[in-house]
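Protein chains in written order, with my numbering: chain A, 798 to 1050; chain B, 1272 to 1569; chain C, 275 to 611.
From the three backbone atoms N, C-alpha and C, an ideal C-beta is built for every residue, glycine too.
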Amino acid sequence: MALLELKGVTMRFGGLYAVNDISLFVEPGQLYGLIGPNGAGKTTVFNVITGVYTPTAGEISMDGESLGGKRTGRITRHGVARTFQNIRLFANMTVLENVKVAFHCRQAARLAAAIFRTGTHAAEERRVDRESRELLKIFHLDHLAEEKAKNLPYGSQRRLEIARAMATSPRLLLLDEPAAGMNPQEANELMDLIRWVRDQYGMAILLVEHNMKVVMGICETVHVLDYGSTIAIGSPAEIQRNPKVIEAYLGGV
Amino acid sequence: MSTFLQQLVNGLSLGSIYALIALGYTMVYGVLRLINFAHGDVYMLGAFAGYYLSRRLQGSEPSLTSALIVMAGAMLTCALIGVLIERFAYRPVRRASRLTLLITAIGVSLFIENGAQLVFGPDPKFFPSLAPRADVRLGPVRFTSEQLTVILVSFLLMIALRFFILRTRTGKAMRAVSFNLDAAKLMGISTDGIISITFALGSALAAAGGVLIGMQIPKIDPLMGIVYGLKAFVAAVLGGIGNVPGAVLGGMLIGVSEVMVVGYLSSSYRDAIAFGILILVLLLRPQGILGRVQKEKV
Amino acid sequence: MKRLAAGTGIVAALWLANGLLSGSLVPALGISPYFLQVLCLAGINIILAVSLNLINGFTGQFSIGHAGFMAIGGYSSAFLTVTFGDRIRAALGFLPEAGQNGVLLLTGLTVGAILAAIAGFLVGVPSLRLRGDYLAIVTLGFGEIIRVFIVNIDAIGGARGLSGIPKLANFFWIYLFAAITIVVVSRIVNSSFGRTLIAIREDEIAAEAMGVDTTRSKVISFSVSSALAGIAGALFAHYLMYLNPNSFTFLKSIEIIIMIVIGGLGSITGSVLGAVLYIGLTEGLREFAQYRMVLFSFLLVVLMIVRPQGILGHWELLAGLPRRWRLGVDAPPPVRG
């Protein structure tokens, strides 16, 4: 059984089928790429997996447990984290605080402890502080720890989004166009980072990307969408040779 | 049964007024996503404008012409006021956060209410009679001439508005702006102009409501916009805020339920009824009866 | 240990101030009863403003029904002391009168706070799912409904109001609870729970995506905020000795919002400043009664256009202090490498 399974998932908005009968299987630790022309439905797939939308039809499950219809927060606590196409950082919070929020993911915040400043609270704060700083160090953001997220340069913001998602200890990481707006060197660093994250933490990574070099460079399986439907699934080499894929991107002659 | 029908008529008459005011709320929310708290006070200004105008015309017989002049005068005055409010209070904060917009609207509302108390004096005024009394009986039901006027005039105005929105270019532009302001701007629509027109129209309709209510319940005072405004707002939300036919539907429903509750239950809960309906709607079906659910793009 | 000392010091200072201001300690130093009343009302406003800021400023939710929870606190505590006051006093016969008063007040405050918190919970659970504008309207509606109910319950005076409430609150008690409110809210805000609230304010969808149970956080902060408003209401009732439903209209809720907006939504210091400024201006301009509100509302609109973040924005008075003072923990060891 795969880690993440989508079976026959459909998402309809009124008369528009954003995603039509998609089936997708991600194995633990796999690097899975989701590509397709603009409007193909890639972000919709993400939104369906993370519970932002409830699918019109089909099943979504993680480790056999159904995710469909559950709230986003629950799904995240189940082990699915994501980044966003348009960066959604907590703008007025510092870099460190952004990560700390995600660290408390699995633990219900104890209000009484906060108000009375018990020893448990202090110890917990210290632990989270230490682990957050370590995580920032891994992502080369520790020197920016006290900076407000909105003041960061674009590349650092993207890295912070990934770091923050990592703080939720996911088993599956969904990256929505992480290389957007990056120059070739930054993109290379990103590729190394993603590979390193996968190797170090053993998590599966589902990646939506337009940057073909990144996708073909690190993904083990590539899944191609067009107009909401799957047109091809295979290894990068197979996909690059697939005539249907070429036609979808180049529009046919 | 005849009481029921009578109550229904009373309710429709009251509901028409709510509908006229609700239209202003809904149109402004449609184009700006702003709850114009000051709208109820524009309605009040319309009533007062009508009052002062009709006092000017005093001496002449109450006639259809003088009534029309008063109505038109009040509508024009308030249309102008609406445009001015938008231009000087709302436009500078158009891109600000929702809370800032809300506070600004509340500020304008308080300004108008207190200013009116200062200028007009806090005592209620009595609207002079504009049209000759002529009750009409239709079977078991009696329409007072005021009620007839209210229902007829409201009906005409709403038809005119519907025609305007659906058939004219400006109306189409209004609808475009309400769907997506930025896209409309890119299409070459002068969004500032359209927003001004929206405010002008909404305010004119509210003014008409004010004059009509003045004719029906002759007592007007500077704070009358609060309760009527809130109830009309509930009507707009009930019908689906941003939805024009919804505002009319909502207005009628609120008017009829209020009259029914007062008639059959108790008058002390008259104001609470509107709030009760509001809360039920927002909890059970926040998009209102005719509204569509807005999905936020992630 | 440090904190205990600081706390005792503050309590002692307040008690002293109360004695001086009311002239009960040194008769010659007493200030005019009018000024004392303004000070006390300012203190109650501080509690209201800081508690509302928790919800509106730090969690970013629009609540404009705060007066409703104040009313619940006020009326429930007053009902308790008026109806059962004598019986409770009898049971506490062994205490001196001041002690009896204190216990009676604290009982009333507890009841008021708990009932207001329950009301906050009941209102919050269904409402906090709603988006911005809608939440504002629902809270406004609930505030009004609470008021209409109060008007229609004769046992607590109805439209005539509830009188004969014992005067149990004074400068000391009011400012003690103002200080407690400030401490409680600032501790909440500077904690992990507070971080989730601010995250919700910044981007609710992202917060949800990071595993935050946004509904739970919002409802909890709403209930705490309501409880504090209830305490403010109870203090209000036992200070003025009379309650009237007209003190708790939508306009009162708006006044509290104005206070926190003027001071700065994301700042506790700002709320205190706003509360004091508001009552200062209201009382100071009292002779211009008619013009006062016109000027006020005009200034409010100008403020929104020119400086929507309020006077202090997100700035906090004690934010510049070393971290250990704020969180009450030792600063973490510097991370090397």
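*Return no unless some Cβ of chain C is closer than 8 Å to the Cβ of B:Asp-1492.*
no
*Could you give the residue range of the alpha helix (DSSP H) that holds B:Ile-1488?*
Counting along the chain, B:Ile-1488 falls outside any alpha helix (DSSP H), and DSSP gives it neither H nor E.
*Straight-line Cα distance separating B:Leu-1561 from C:Ala-683*: Since the displayed chain C opens at 275 and closes at 611, residue 683 of chain C lies outside it and no answer follows.
_Per DSSP, cross-strand counterpart(s) of A:Asp-1023_ = A:Ser-1026
*Is A:Arg-879 helix, strand or coil when you go by DSSP?*
strand
*Where A:Thr-851 and B:Thr-1297 are concerned, what is the direct C-alpha to C-alpha distance, given to the nearest angstrom?*
30 Å
*Mark C:Val-324 as exposed unless 16 or more other C-beta atoms lie within 10 angstroms of its C-beta, in which case mark it buried.*
buried
_Cβ of B:Gly-1386 within 8 Å of any chain C Cβ_ = yes
*Kindly indicate the opening and closing residues of the beta strand (DSSP E) around A:Met-859.*
854–859
*By how many angstroms is the C-alpha of C:Tyr-349 removed from the C-alpha of B:Ile-1512?*
36 Å
_Run through the DSSP bridge pairs and tell me what A:Ile-832 is partnered with._
A:Val-1021
_Taking 8 Å as the threshold (beta carbon to beta carbon), is B:Pro-1630 in contact with chain C?_
Nothing in the structure corresponds to residue 1630 of chain B, since chain B is present only between 1272 and 1569.
*To which residues of the same chain is B:Gly-1526 closer than 6 Å at the C-beta, ignoring the five residues directly before and after it?*
Gly-1282, Leu-1285, Gly-1286 and Tyr-1289
*Selection of the stretch 1354–1367 of chain B by Cβ proximity to chain C, strictly under 7 Å*: Ala-1360, Pro-1363, Val-1364 and Ala-1367
*Measuring only between beta-carbons, confirm whether C:Pro-582 sits less than 8 Å from chain B.*
yes
*Kindly list, in the order they appear in chain B, the residues whose Cβ is closer than 7 Å to that of C:Leu-404.*
Leu-1553 and Pro-1557
*With 8 Å set as the bound, which would you pick, yes or no: does the beta-carbon of A:Phe-810 sit closer than that to a beta-carbon of chain C?*
no
*Anything in chain A within Cβ reach of C:Val-486, meaning under 8 Å, just list it in chain order.*
Gly-870, Val-898, His-901 and Cys-902
_Three-way DSSP call (helix, strand, coil) for A:Ala-863 in this model_ = Reading off the sequence shown, one finds Ser at residue 863 of chain A, where the question assumed Ala. Three-state result, A:Ser-863: strand.
*Are C:Leu-379 and C:Ala-280 touching if we call contact CB-CB under 8 Å?*
no
*Exposed or buried, C:Gly-611, counting other C-beta atoms within 10 Å across all chains shown (16 or more means buried)?*
The predicted position of C:Gly-611 is uncertain, since its pLDDT is 27 and thus under 50; a value taken from the coordinates is nonetheless stated next. So C:Gly-611 counts as exposed.
*On the DSSP bridge assignment, give the partners of A:Lys-945 in chain order.*
A:Thr-891
_Whole-angstrom distance between C:Leu-414 and B:Val-1424, CA atom to CA atom_ = 32 Å
*Is the Cβ of B:Asp-1312 closer than 8 Å to any Cβ of chain C?*
no
*alpha helix (DSSP H) segment containing A:Asn-1008, residue limits*: That residue, A:Asn-1008, is in no alpha helix (DSSP H); it is neither H nor E in DSSP.
*asked:* Does the structure place the stretch 1420–1435 of chain B close enough to the stretch 1498–1506 of chain B that three or more beta carbon pairs sit under 8 Å?
replied: no
*Pull up the distance between the alpha-carbon of B:Ile-1468 and that of C:Glu-557, whole angstroms please.*
41 Å
*Can you tell me which of the three DSSP states B:Arg-1304 falls into?*
coil
*Assuming C:Ile-472 and A:Met-963 form a contact by the criterion Cβ under 8 Å, report the distance between their Cβ atoms to the nearest whole angstrom.*
Not confirmed; about 21 Å, so no contact.
_chain A within 8 Å of C:Phe-336, Cβ atoms only_ = no
*asked:* Give me the residue from C:Val-550, C:Ala-563 and C:Gly-468 with the minimum Cα distance to C:Ile-318.
replied: C:Val-550
*asked:* Report the start-end ranges of each alpha helix (DSSP H) in the stretch 518–550 of chain C that is 4 residues or longer and not cut off at the edges.
replied: 524–537
*Given a cut-off of 8 Å, decide if A:Gly-855 and A:Leu-908 are closer than it, judged by their beta-carbon atoms.*
no
*Would C:Thr-470 count as contacting chain A if we go by Cβ distances under 8 Å?*
yes
_Spatial neighbours of C:Pro-608 within its chain, please: C-beta separation below 6 Å, excluding the five flanking residues on both sides._
Note that C:Pro-608 scores a pLDDT of 33, beneath 50, so its modelled location is shaky; the value from the coordinates is reported in the next line. Nothing meets the Cβ criterion.
_4 or more residues per run - each alpha helix (DSSP H) lying fully within the stretch 1354–1410 of chain B_ = 1369–1391
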